[in-house]
Amino acid sequence: MHTLLSQEDLAFKALCEAYVNRELAPLARKLGEIDDVPEALRASLSHSGVYAPLFPKEYGGQGISAVRICLAREAIAGVYAPADTTLAMQGLGGYPIVLAGNAAQKQKYLPALAEGERLTTFCLTEPEAGSDVAAMQTTARADGDDFVINGRKRFISNGYSADMGILFARTPTDANPKAISAFIVEKEMPGWNVHRRIELMASHDIVEFEIKDLRVPKQNLLGTVGGGFKLAMQTLDLMRMSVGAAALGMAQTALQHSLQFARGRVQFGRPIVEFQSTAFKLADMAVDIEAARSLVYLAAIKKDKGDPSASLHSSIAKLYATEAAFRCIDQAVQIHGGVGVVKGSTVERLYREIRPLRVYEGTTEIQKLVISSHLIKQAGREAGK
Ligand code: COS
C-alpha cells in the first residue's frame, strides 16, 4: 500500500513514527488514561508537527492533506488514544474555518490552531440529535450585533479542555425554517458552560454543554446563515476516513502484541503461535488490516485529488476499518486469553478504546445510509442518461 504514497507523504509518515516512538510513547506511559488534555500533552503535540496537514500553508500548516491526516492518526492512535482525539478535534474544529471562514476569521484562529496554542472542538451532537443532525434543537436568534444561542450539546470530545469550538445551531428564517448555521465560540464567552463531564468505557475528555443566552458577536457567524448543515457534512467527509486510520493504528498495535505474545506463550508444550487456531487468527487480522489500510488510503487519495466520489469512499473506509479493527482487537484478546482481559493490559485497553469508533462521527449504520444514498443517486444519473 505504501507504494501509493508520495516521497513527501512517506517522509511525513517517518516523522510521525519517530515522534511517537521518541516522545509520545514515553509520555503515554507517564500520563496513563486521562479525561482531559494535560499541559504536557498539549505542548508535545503542538511542537510535534502532526497538526500541519490540517491547515493551509499560509496559516502555519503544510497544506490540507487527507493522506497525511490519516498517516498521523494511524501512527498515534494505537499508542495513545487521547493524543489521537486531540488531533482529530483540531481537524473537526479547524476545517470548518478553513472551508467557510472569512479572511479575518482565518487570520484570527487558524495560526493559533495550527500551532496548537489553542485547542478546539466540534459541537454538533445534541441529546435529541445524534445520528439525525437535522433534528437539532439549539437555536441562535439575531439580537443587535450578536446572536443569542440557547440549547444543549452532548458527547463533545475535548469539550473540557478546548479553548474554543464550532457550534451548530438552528437559525430559522421564513424562507428556510430548518436552517442551521455555524458559529465560532470561545471559552471565555459567558453562557457556554460544561454542564457535566461524561464517563466513557475508555477514558476520554467528553462533556455535555449547557448553552444559556450565549451571546456570540455576528462576526463569529461562520459562512452563511443556513450554511451550517452542509459545512458539518463537508467537515465529516474529510475526517471520517481518518477515524478509519485511527482504527487501523489500534488494530496494528493489537496484531504486533498478539504476535509477540503468541511466540512466547507456551501451552501443551509448544508456543501457541504453532497452533493453527492461533496462526489463523493472526492471518485473519493481517488480512483485515491490509484491506482497511487500502480503503483508508484510497479514500484519502481521492479526497486530496478532489475526486467527487471522495465522500462515498470516506464512509466506506470509516465503516470497514472500524469494524475490521474491532474484529482484530477481539481476536487479540482471545489470543492473549486471561492476560487479555486483565485491566491495564494493552489489548484490554484497545478493546475498550476501539468500541466508540464504530459509533462516533457517524455510526456504521449511518455510513451505510450515506453509501447507499450515493449508489442510488448514481443509478438515477445513469438511468437518466
Ligand atoms: N456534502 C455536502 N452537502 C451534503 C452532504 C455532504 N457530504 N451530505 C448531505 N449534504 C446536503 C444534501 O445535498 C442536502 O442538500 P439540499 O437540501 O440542497 O438537497 C442536505 O445536505 C441535506 O442532506 P440529507 O437529506 O442527506 O440530510 P439528512 O437529514 O437525511 O441526514 C445524514 C443525512 C444521516 C448523512 C446526516 O444527518 C449525518 O451525517 N448524520 C450522522 C451525524 C454524525 O456523524 N454525527 C457525529 C457527530 S461528530 S462526532
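Take 1077 as the starting number for the sequence shown in the working numbering and just add one per residue. Think of the CB as a built atom: it goes at the ideal place given N, C-alpha and C, for glycine as much as any other residue. Quantities reported herein were computed from a predicted structural model and do not represent experimental measurements.
* To do: Quick one: measure Cβ to Cβ for residue 1375 and residue 1390, integer angstroms, because I've assumed they're closer than 8 Å.
  => 5 Å
* residue 1190 to residue 1249 span [Cα, whole Å] -> 35 Å
* Asked: Just to check, is the beta-carbon of residue 1437 closer than 8 Å to a non-hydrogen atom of ligand 1?
  -> yes
* Count the other CB atoms within 10 Å of the CB of residue 1316; is the residue buried (16 or more) or exposed (fewer)? -> buried
* Sheet register partners of residue 1288 (DSSP bridge) -> According to DSSP, which records beta bridges pairwise, residue 1288 is partnered with nothing at all.
* Asked: Between the region 1411–1420 and the region 1383–1397, are three or more C-beta pairs nearer than 8 Å?
  -> no
* Identify whether residue 1081 lies in helix, strand or coil by the three-state DSSP scheme. => coil
* Rounded to the nearest angstrom, how far is the Cβ of residue 1245 from that of residue 1267, given a contact under 8 Å? -> The pair is not a contact, with the Cβ atoms about 12 Å apart (cut-off 8 Å).
* Closer than 6 Å by C-beta to residue 1200: which residues in its own chain qualify, once you throw out the five before and the five after it? Chain order, please. => 1244 and 1308
* **Supposed contact pair residue 1160 and residue 1235 - C-beta distance, whole angstroms, cut 8 Å** => At roughly 16 Å, the Cβ-Cβ gap does not stay under 8 Å, so residue 1235 and residue 1160 are not in contact.
* Taking residue 1213 as the reference, give the member of 1252, 1256, 1197 and 1240 with the closest Cα. => Ranked by Cα distance from residue 1213, the first of 1252, 1256, 1197 and 1240 is 1256.
* Asked: Three-state secondary structure (DSSP) at residue 1253?
  -> coil
* Asked: In or out: residue 1329 buried (at least 16 other Cβ within 10 Å) or exposed?
  -> buried
* Asked: Between which two residues does the beta strand (DSSP E) containing residue 1243 stretch?
  -> Where residue 1243 is concerned, the enclosing beta strand (DSSP E) starts and stops at 1240–1246.
* Spatially closest choice to residue 1241 from 1259, 1247 and 1341, by CA coordinates -> It is 1259.
* Asked: What are the start and end residues of each continuous beta strand (DSSP E) run of 3 or more residues lying completely inside the region 1152–1199, in chain order?
  -> 1196–1199
* Asked: Are the region 1403–1414 and the region 1337–1353 touching, with three or more C-beta to C-beta distances below 8 Å?
  -> yes
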